[in-house]
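**Q** If you're matching positions, the sequence shown starts at 47 in my numbering and goes up one per residue.
Mind having a look at this structure? Questions to follow.
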Amino acid sequence: MNEIRKNIKVFLLMTIIGLFSIYQIEAQEVSPKTTTHSTRHRPKVGVVLCGGGAKGFSQIRILKAIDEAGIPVDYIAGTSIGSIMGALYAIGYDPDTMEKLVRDQDWNQVIYDKIPRILMPVEQKMYERQYIATFPIKDKKLKVKSSLVDGVYVNLLMSKLMLPASNVHDFRKLSVPFFCIATDVEHACQYEMNEGNLARSVRASMSIPFFFKPVAMDGKLLVDGGMVNNFPVRNMKEHGADIIIGVDLEDATIPASQIDNSIGLLESMMNLSSLDESLYARAHCDIYIRPNLHGRNMLSFNDFDSILQFGEDAAQEFLPRLKILATFLNEFEPVEINRPHLQPIDTLTVVDVNVEGIADKHKASVKREFGKKFPMKMSVDDVQEVVLKLCASGYYEDMWYEMSDAPGGVVLTLHCKEREDQALSFSIHYDNNYGIGALVNYTMKNVWNTMNRTTLSLDVNIAENPYIKASLNKRQGKVFRFGADLSVISLNMNQYDNNRITNSYSIQSNSLDLNMQLVPSLTQQIRIGAVADYVHMKDLVGDRGLGTDYSFYSYLYFNYFYSNEDVPNFARRGWRINLRGKCMLYEGANNDGTLTTVGSQPSFLVNGSIVKAFAIGKKNSIKFGIEAGTKIGAIEVPLFYQFMIGGQSKMKYYDNIMTFTGLNFTEKVVDHIAIGRVSWQWRFYKNLYSTVSFDCGYMNDVYDEWFDDSSFVAGAGLTLGVDTMIGPIEVSLMGSNINSGPVGFINVGFWF
47 MNEIRKNIKV
57 FLLMTIIGLF
67 SIYQIEAQEV
77 SPKTTTHSTR
87 HRPKVGVVLC
97 GGGAKGFSQI
107 RILKAIDEAG
117 IPVDYIAGTS
127 IGSIMGALYA
137 IGYDPDTMEK
147 LVRDQDWNQV
157 IYDKIPRILM
167 PVEQKMYERQ
177 YIATFPIKDK
187 KLKVKSSLVD
197 GVYVNLLMSK
207 LMLPASNVHD
217 FRKLSVPFFC
227 IATDVEHACQ
237 YEMNEGNLAR
247 SVRASMSIPF
257 FFKPVAMDGK
267 LLVDGGMVNN
277 FPVRNMKEHG
287 ADIIIGVDLE
297 DATIPASQID
307 NSIGLLESMM
317 NLSSLDESLY
327 ARAHCDIYIR
337 PNLHGRNMLS
347 FNDFDSILQF
357 GEDAAQEFLP
367 RLKILATFLN
377 EFEPVEINRP
387 HLQPIDTLTV
397 VDVNVEGIAD
407 KHKASVKREF
417 GKKFPMKMSV
427 DDVQEVVLKL
437 CASGYYEDMW
447 YEMSDAPGGV
457 VLTLHCKERE
467 DQALSFSIHY
477 DNNYGIGALV
487 NYTMKNVWNT
497 MNRTTLSLDV
507 NIAENPYIKA
517 SLNKRQGKVF
527 RFGADLSVIS
537 LNMNQYDNNR
547 ITNSYSIQSN
557 SLDLNMQLVP
567 SLTQQIRIGA
577 VADYVHMKDL
587 VGDRGLGTDY
597 SFYSYLYFNY
607 FYSNEDVPNF
617 ARRGWRINLR
627 GKCMLYEGAN
637 NDGTLTTVGS
647 QPSFLVNGSI
657 VKAFAIGKKN
667 SIKFGIEAGT
677 KIGAIEVPLF
687 YQFMIGGQSK
697 MKYYDNIMTF
707 TGLNFTEKVV
717 DHIAIGRVSW
727 QWRFYKNLYS
737 TVSFDCGYMN
747 DVYDEWFDDS
757 SFVAGAGLTL
767 GVDTMIGPIE
777 VSLMGSNINS
787 GPVGFINVGF
797 WF
């Protein structure tokens, strides 16, 4: 009998809401008159949130309207972004807090998954190496990455937001019972999640195919639930909800004329793939809300202000109906809503760190990154920074964390996977200093499979100026490294007089570098090494007594490098310092296959550069720099060890090549140089930028004439550039006081 009465009341409610839609009558005129007998139970209310990427921000204001109306939410569920919003609400975040979280988040970081340069290993900052494509090697086969981005930032965002629920593994025990939907790739069906790790479940539910990495969980490979069920109203009914409030973000149809990019095509395909469930959901919502999102798409994350307002518009439109529902439910029993008003966790007292998912021999080094003494107080941001550093190292992927209560604090558990030990990478580049080149890189990150990793890297540059480089680097603890570099480099260079080529040379260098490195932080490296160099320089035009025989040279060197610049190409803030010193020890000549001593008196070469970038507003920055070098000692050093000045390429085959605005590549070759630089950078439209540069200084072969007026050189230039997926494309026009005509420079692609 009670069930019959309950069904009658639900029917009456739906009738009242329908009449309100037609006649817009006032709430107090349609409130049903009921008794509140203790044996009667009010209908259960379920809220279902559709997937739709950034459009899901609109759901926050609608949830706020539900709270303001006084509707008790008994269940909440969602797919994709709907699962995120639903989980936050279920944990106990109120809509105002949810909105603040949206506003405070850097969505470009989450979407583009770019780890800040400051957190990258120092060797990456030194060489600025980037590739167009990287293919892991597994079982001796090249593999294609399963996603455009690794998703480290979205992993961390879910871990951070869901931290308050780390100890809740049954989602029905949250402040509002919750479930979400993912897609089981293997069986091509929906996978409903109402238990387990909340952060990981939500991460699976919103894993847009080909954009974010799939999630391996419960023995399944999971992607975005929108592929099969983007609006899980049917599931909500099966959970026992009597009254369903549904918030739909899908466009009923997307005209073909509007599908003009890959995002629109993906969104349309996802809508079509779950169309049957969406049609069912729309027909079975008791209150169906679809905000007018005015053409925003699933990746419009930076339009959160507009999207929130669109949600507010829909909330205000439906608020009277929601109040009718609240009045109706109160007729069964007085409703008192006590939301937890949860706030994000800021600090943790970590008593221990567990590492899961990698080989035991590497767990200690990962744990060491969090600190050596526990318990310790850590901010959540500190935890996330450690995770980003570990990801940037290139050894780990798919990292996320959770916490569990322990005496005196929490145990932090870090989940991660080892990246494939081997990878093959490719890049292409052109500039009119070095010509065109295609680089193939093979990297093996765990050569001897030991606790202290040893990395092997092999570069083959098929180019007008080709080279082969092999590098072996062994870690010894946290700050020490030992390395060996073997290289074979060929480089053609010219000498000029007023833009006219007067001579051309070919340098062939074969060198072995044994070194020790001290890496005290991610921003600096100290390197000490010894080099054996078997080299010759051939005169291609004139006759400077240069033949085809090789000569042998050896030297010791010291290098200090520091960089905390924010980006490599368009640095807006930070320092870059590079100091070098060489002690030339020995020279030997190859005479008919016999090495004879030419000299062993030492000479010294010292050079260094310091650059500082300052941000001016959001689109401009200024860089100031100085660079100097000198030879100490009376012994003459070969031409290829002198300072080669000119050109604009950021590639440096040799560490004695220096750029200079307005000069051709290696136009000046001298023993003594002192340069000052200033440049103004302006990003005037999206990826388009310009740079105005001015360099001036003194350069000469003779120390006593170093700072004579005749040694003064000044140059200025303008560069226009655009950032692309293959790297920057730049065109420069420059001039100097020693060239009567302009000097041009063209760069296409990343440097190597």
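All residues carry an ideal CB built from backbone N, CA and C; glycine is no exception.
All of these numbers come straight from a predicted model, not from anything done at the bench.
Excluding sequence positions up to five away, which residues of its chain have a Cβ less than 7 Å from the Cβ of Pro788?
**A** These residues qualify, in order along the chain: Leu779, Met780 and Gly781.
**Q** Apart from the five residues just before and just after Asn610, which ones in its own chain have a Cβ nearer than 7 Å to its Cβ?
**A** Ile164, Thr569, Gly620 and Trp621.
**Q** Kindly give me the distance between the Cβ atoms of Asp467 and Met490, rounded to whole angstroms, as I take these residues to be in contact under 8 Å.
**A** The pair is a contact, with the Cβ atoms about 6 Å apart (cut-off 8 Å).
**Q** From which residue to which residue does the beta strand (DSSP E) around Trp153 run?
**A** First-last for Trp153: Trp153 to Tyr158, but that is the alpha helix (DSSP H), not the beta strand (DSSP E).
**Q** In this structure, how does DSSP classify Cys331 when only helix, strand and coil are distinguished?
**A** Cys331 falls in the coil class under three-state DSSP.
**Q** Closest to Ser126 by CA distance: which of His233, Asn275 and Asn785 is it?
**A** Among His233, Asn275 and Asn785, the Cα nearest to that of Ser126 belongs to Asn275.
**Q** Going by CA-CA distance only, name the one from Asn348, Tyr608, Phe217 and Leu651 that's closest to Gln155.
**A** The option with the nearest alpha carbon to Gln155 is Asn348.
**Q** Let me know if Lys698 comes out buried or exposed under the rule of 16 or more other beta-carbons within 10 Å of its beta-carbon.
**A** Exposed, because fewer than 16 other Cβ atoms sit within 10 Å of the Cβ of Lys698.
**Q** In chain order, what residues of the same chain lie with their CB nearer than 6 Å to the CB of Glu713, ignoring the 5 residues before and after it?
**A** So the list reads Tyr542 and Gly692, once near-sequence residues are dropped.
**Q** Within the continuous alpha helix (DSSP H) that includes Arg521, where are the two ends?
**A** No alpha helix (DSSP H) contains Arg521, which is instead part of the beta strand (DSSP E) from Tyr513 to Gln522.
**Q** Following a CB-centred definition, is Ile672 positioned closer than 6 Å to any heavy atom of the ligand FMN?
**A** The ligand FMN is not part of this structure, which contains no ligands at all.
**Q** Rounding to the nearest angstrom, what Cα-Cα distance links Gly654 and Asp477 in this structure?
**A** Cα to Cα, the separation comes out at about 25 Å.
**Q** Within the same chain, show all residues whose beta-carbon is closer than 6 Å to that of Gly767, passing over the 5 residues directly before and after it, in chain order.
**A** Taken in chain order, the residues that qualify are Tyr735, Pro774 and Glu776.
**Q** Grab the span of the alpha helix (DSSP H) containing Glu145 for me, first residue to last.
**A** Residues Pro141 to Asp150.
**Q** Tell whether a beta-carbon distance below 7 Å holds between Ile137 and Leu388.
**A** Contact: yes.
**Q** Straight-line CA distance for Gly105 to Gly286?
**A** A small correction: the amino acid at residue 105 is Gln; Gly does not occupy that position in the sequence shown. Each residue's Cα considered, the two are about 23 Å apart.
**Q** Considering only their Cβ atoms, is the gap separating Phe740 from Ala762 smaller than 7 Å?
**A** Taking 7 Å as the Cβ cut-off, Ala762 and Phe740 qualify as a contacting pair.
**Q** In chain order, which alpha helix (DSSP H) runs of at least 4 residues are fully inside the stretch 598 to 668?
**A** Listed in chain order, there is nothing to give.
**Q** Smallest Cα separation from Asp359: which of Glu284, Arg249, Ile719 and Ala111?
**A** Closest by alpha carbon: Ala111.
**Q** Roughly how many angstroms lie between the CA atoms of Phe374 and Glu323, to the nearest whole one?
**A** Straight-line Cα distance between these residues: approximately 29 Å.
**Q** Of the choices Val93, Tyr744 and Lys266, whose alpha-carbon is the least far from that of Leu109?
**A** The residue with the shortest Cα to Cα distance from Leu109 is Val93.
**Q** Going along the chain, which residues of its own chain have a beta-carbon closer than 6 Å to the beta-carbon of Leu228, five neighbours each way excluded?
**A** Checking the sequence shown, residue 228 turns out to be Ala, not Leu. Taken in chain order, the residues that qualify are Tyr237, Ala250, Ser251, Leu268 and Gly271.
**Q** Can Gly722 and Ile681 be called in contact, C-beta distance under 7 Å?
**A** Against a cut-off of 7 Å, the Cβ pair of Ile681 and Gly722 comes out as no contact.
**Q** Measuring CA to CA, which of Pro118, Phe604, Pro390 and Phe364 is closest to Leu147?
**A** Residue Pro390 is the option with its Cα nearest to Leu147.
**Q** For Met745, name the three-state secondary structure that DSSP assigns.
**A** Correct three-state label for Met745: strand.
**Q** Consult DSSP for Arg723 and reduce its assignment to one of helix, strand or coil.
**A** Note: Arg723 maps to strand in three-state DSSP.
**Q** Taking only the alpha-carbon atoms, compute the straight-line gap between Thr395 and Ser205 and give it to the nearest angstrom.
**A** Between Thr395 and Ser205, the C-alpha separation is close to 17 Å.
**Q** Just how far apart, CA to CA, sit Tyr177 and Lys189?
**A** Each residue's alpha carbon lies about 16 Å from the other.
**Q** Taking the alpha-carbon positions, what's the Glu382 to Val279 distance?
**A** The straight-line gap from Cα to Cα measures roughly 26 Å.
**Q** Give the range of the alpha helix (DSSP H) segment to which Ile290 is assigned.
**A** Premise fails: Ile290 lies in the beta strand (DSSP E), Ile289 to Val293, not in any alpha helix (DSSP H).
**Q** Using DSSP with H/G/I as helix, E/B as strand and the rest coil, what is Gln176?
**A** It is coil, neither helix nor strand.
**Q** Rounded to whole angstroms, what is the Cα-Cα separation between Tyr606 and Gly575?
**A** Between Tyr606 and Gly575, the C-alpha separation is close to 12 Å.
**Q** What are the partner residues of Gly565, as DSSP defines its beta bridges?
**A** The displayed chain sequence assigns Val, not Gly, to residue 565. Note: Val565 sits in no beta bridge, so no partner.
**Q** Roughly how many whole angstroms lie between the Cα atoms of Leu368 and Asp120?
**A** If you take the alpha carbons of Leu368 and Asp120, they lie about 15 Å apart.
**Q** Under 7 Å between the Cβ atoms of Ser695 and Tyr480?
**A** Yes; because the gap between Cβ atoms is below 7 Å, this pair is in contact.
**Q** Going by C-alpha to C-alpha distance, which of Thr459, Glu464 and Asp451 sits closest to Ala438?
**A** Comparing Cα positions, the closest option is Glu464.
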